[in-house]
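Undergrad: What follows is a structure written as structure tokens; I'll ask about it next.
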Amino acid sequence: MDHAAESQRTDLMTVTCHVLNEQTKHPEARGDFSILLYHIVLGCKFVCTAVNKAGLAKLIGLAGDTNVQGEEQKKLDVLSNQVFVKALISSGRTCILVSEEDEVATFVEPSKRGRYCVVFDPLDGSSNIDCGVSVGTIFGIYMVKDKDTPTLEDVLQPGKNLLAAGYCMYGSSCTLVLSTGNGVNGFTLDPSLGEFILTHPDIKVPKAGKIYSVNEGNAKNWDEPTAKYVEKCKFSKDGSFPKTLRYVGSMVADVHRTLLYGGIFLYPADKKSPNGKLRVLYEIFPMSFLVEQAGGQAFTGKQRALDLVPKNLHDRSPIFLGSYDDIEEIKGLYAAAEEKEP
Ligand code: AFP
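For the sequence shown, this note's numbering gives the first residue as 1, with consecutive numbering after it.
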């Protein structure tokens with residue numbers, strides 16, 4: 001990279017400009033979607049600031065502590081949820097909200113209602129916060145059928161009906177990755193400007209990858225196709241190099257690396273958790289949408305992940321996502337196992 005030239009760049013594209021540009025491709029658009037995304041971005045900036053201060057919690061009294069006024073401070077995941085719920089409702093563009101933190105869906109009161117349903121995990125990977133590992137917010141956006149009579153059916157839709165999806169990763173930098181159904185773009189927060197700047201235009205996941213990412217501690221409970229696949233990653237018989245293992249344990253970080261470097265991320269079913277661990281609506285769907293938009297694939301072990309139809313808000317499913325060729329391989333193993341079944 002020519003750093004001298006980079007430092008002189010003046011054609012900075014913010015996420016807001018990017019979304020407005022996209023809007024002009026739809027002459028019928030009224031700007032509602034752009035306003036909604038603006039509020040999501042605002043929530044991400046707020047959570048980014050809170051996460052950055054998390055390490056100081058013991059010193060200055062954040063997250064689960066008592067502050068100098070003797071007030072109980074909120075845990076970061078609870079705080080993040082409240083921030084997103086408020087930001088989304090105050091956009092005036094949402095109708096139903098589904099959050100990982102809330103057992104039931106929030107139906108926005110009629111006077112503040114808009115046409116969009118947002119499913120989100122406000123702070124995914126939060127068990128990693130205390131050791132400074134990357135965490136993130138994941139979101140997906142659906143359109144409600146009739147904003148005057150919203151029902152749960154409006155959010156219990158297959159992932160292929162998503163209008164947009166994205167995540168914000170709070171890591172060594174704060175990165176927002178977004179798809180509105182027309183490819184995937186990545187933006188990095190410039191803290192001095194307070195703006196997300198387009199840094200990763202048109203992300204494409206490499207067709208095949210050299211990395212596999214899975215919690216191998218669960219291996220003794222895996223089914224045969226998953227066990228065979230991981231065995232092959234390590235002891236390939238066709239002379240190809242073994243793959244490299246990378247596993248953060250924070251989905252946003254593991255999927256972000258997979259998008260940029262290629263490879264496969266697996267959270268399979270196992271004997272103890274026959275539906276896997278990850279949640280369909282606000283983990284699997286948004287990430288699968290992004291991976292497909294970037295040219296990769298997402299598979300549940302039985303079907304295309306985006307074809308799943310969730311029955312309940314917090315349903316789980318096994319998931320395999322990443323480079324096109326790597327997912328073809330695991331699909332082949334599951335198909336072979338199905339053929340063997342009596
Ligand atoms: P937490 O939010 O409890 O940290 O869980 C994170 C997560 O839902 C997802 O981000 C990870 O990919 C996955 O769980 C890690 O699960 P294991 O700890 O079982 O590997």
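By construction, the Cβ of each residue, glycine as well, lies at the ideal position given by its N, Cα and C atoms. Bear in mind that the values here come from a model prediction, so they are computed numbers and not experimental data.
1) Starting from T199, follow the beta strand (DSSP E) in both directions and report where the run begins and ends.
2) Would you kindly work out how many angstroms separate the C-alpha atoms of V252 and C174, rounded to a whole number?
3) Taking 7 Å as the cut-off, is the beta-carbon of G239 closer than that to any non-hydrogen atom of the ligand AFP?
4) Are the CB atoms of V155 and V98 nearer to each other than 8 Å?
5) Give the straight-line distance between the Cα atoms of G183 and I203, rounded to the nearest whole angstrom.
6) Taking A100 as the reference, give the member of E329, K340, S323, L313 with the closest Cα.
7) Grab me the residues of S323's own chain with a C-beta within less than 7 Å of its C-beta, minus the 5 sequence neighbours each way, in chain order.
8) With DSSP as the reference, label M287 as helix, strand or coil.
9) On the three-state DSSP scale, how would you describe N185?
10) Which runs of the alpha helix (DSSP H) fall wholly inside the region 184 to 270 and span at least 4 residues, in chain order?
11) Excluding five sequence neighbours on each side, which residues of the same chain lie with their C-beta closer than 7 Å to the C-beta of P132?
12) Shortest alpha-carbon distance to L12 belongs to which of G217, E195, S288, G332?
13) Between which two residues does the beta strand (DSSP E) holding L97 run?
14) Which whole-angstrom value describes the C-beta separation of F120 and Y282, a residue pair presumed to lie in contact below a C-beta threshold of 8 Å?
15) Among K25, P318, I284, which residue has its Cα nearest to the Cα of Q157?
16) Comparing alpha-carbon positions, which option in H18, L79, S288 lies nearest V47?
17) Excluding the 5 residues flanking K160 on each side, which residues of the same chain have their C-beta closer than 7 Å to its C-beta?
18) Mind checking V104: buried by the 16 CB within 10 Å criterion, or exposed?
19) Measuring CA to CA, which of P274, E338, D325 is closest to S317?
20) Beta carbon of Y212, beta carbon of C233: below 8 Å?
21) Three-state secondary structure (DSSP) at S134?
TA: Judging by the given coordinates:
1) Against the sequence shown, residue 199 aligns to sequence position 199. Note, T199: beta strand (DSSP E), 195 to 200.
2) In the sequence shown, counting from the first residue as 1, residue 252 sits at position 252. In the sequence shown, counting from the first residue as 1, residue 174 sits at position 174. Going by the C-alpha atoms only, they are around 12 Å apart.
3) Against the sequence shown, residue 239 aligns to sequence position 239. Closer than 7 Å to some heavy atom of the ligand AFP: that does not describe the Cβ of G239.
4) Start at 1 with the first residue of the sequence shown, and residue 155 comes out as number 155. Start at 1 with the first residue of the sequence shown, and residue 98 comes out as number 98. Yes.
5) Residue numbering aside, residue 183 sits at position 183 when the sequence shown is read from its first letter. Residue numbering aside, residue 203 sits at position 203 when the sequence shown is read from its first letter. If I take the Cα positions, the gap works out to 7 Å.
6) Counting from 1 along the sequence shown, the entry for residue 100 is found at position 100. It is Glu, not Ala, that sits at residue 100 in the sequence shown. The shortest C-alpha separation from E100 is found at L313.
7) The sequence position of residue 323 within the sequence shown is 323, counting from 1. Cβ-Cβ distances below 7 Å link S323 to V205, P206, K207, A208, G209, G262, G263, I264, G296 in the same chain, with the five nearest sequence neighbours on each side left out; the list follows chain order.
8) Here residue 287 corresponds to residue number 287 of the sequence shown, with the count starting at 1. M287 carries a helical assignment under DSSP once its states are collapsed to helix, strand and coil.
9) One-based indexing of the sequence shown puts residue 185 at position 185. In the three-state reduction of the DSSP assignment, N185 falls in the strand class, which pools E and B.
10) With a minimum length of 4 residues, the continuous alpha helix (DSSP H) runs that stay inside the region 184 to 270 are 224 to 234, 251 to 261.
11) Within the sequence shown, the letter at position 132 stands for residue 132. The sequence shown places Gly at residue 132, not Pro. Closer than 7 Å at the Cβ level, and outside the excluded window around G132, lie G55.
12) Counting from 1 along the sequence shown, the entry for residue 12 is found at position 12. Taking only the C-alpha atoms, the option nearest L12 is E195.
13) Taking the first residue of the sequence shown as position 1, residue 97 is located at position 97. Where L97 is concerned, the enclosing beta strand (DSSP E) stretches over 94 to 99.
14) For this step, residue 120 is matched to residue 120 along the sequence shown. For this step, residue 282 is matched to residue 282 along the sequence shown. Cβ atoms of F120 and Y282 come within 8 Å of each other, at about 5 Å.
15) Looking up residue 157 in the sequence shown gives position 157. Closest option to Q157, judged by alpha-carbon separation, among K25, P318, I284: I284.
16) Locating residue 47 in the sequence shown gives position 47, where the first residue counts as 1. Selected option, being the one with the closest Cα: L79.
17) Counting from one through the sequence shown, the residue named residue 160 turns up at place 160. Around K160: L306, D307.
18) Locating residue 104 in the sequence shown gives position 104, counting from the first residue. With fewer than 16 other Cβ atoms within 10 Å, it is exposed.
19) Looking up residue 317 in the sequence shown gives position 317. Of the listed residues, the one whose Cα sits closest to S317 is P274.
20) The residue labelled residue 212 in the question sits at position 212 within the sequence shown. The residue labelled residue 233 in the question sits at position 233 within the sequence shown. The Cβ-Cβ distance between Y212 and C233 falls below 8 Å.
21) On the sequence shown, residue 134 is found 134 positions in, with the first residue counted as 1. In the three-state reduction of the DSSP assignment, S134 falls in the coil class, being assigned neither a helical nor a strand state.
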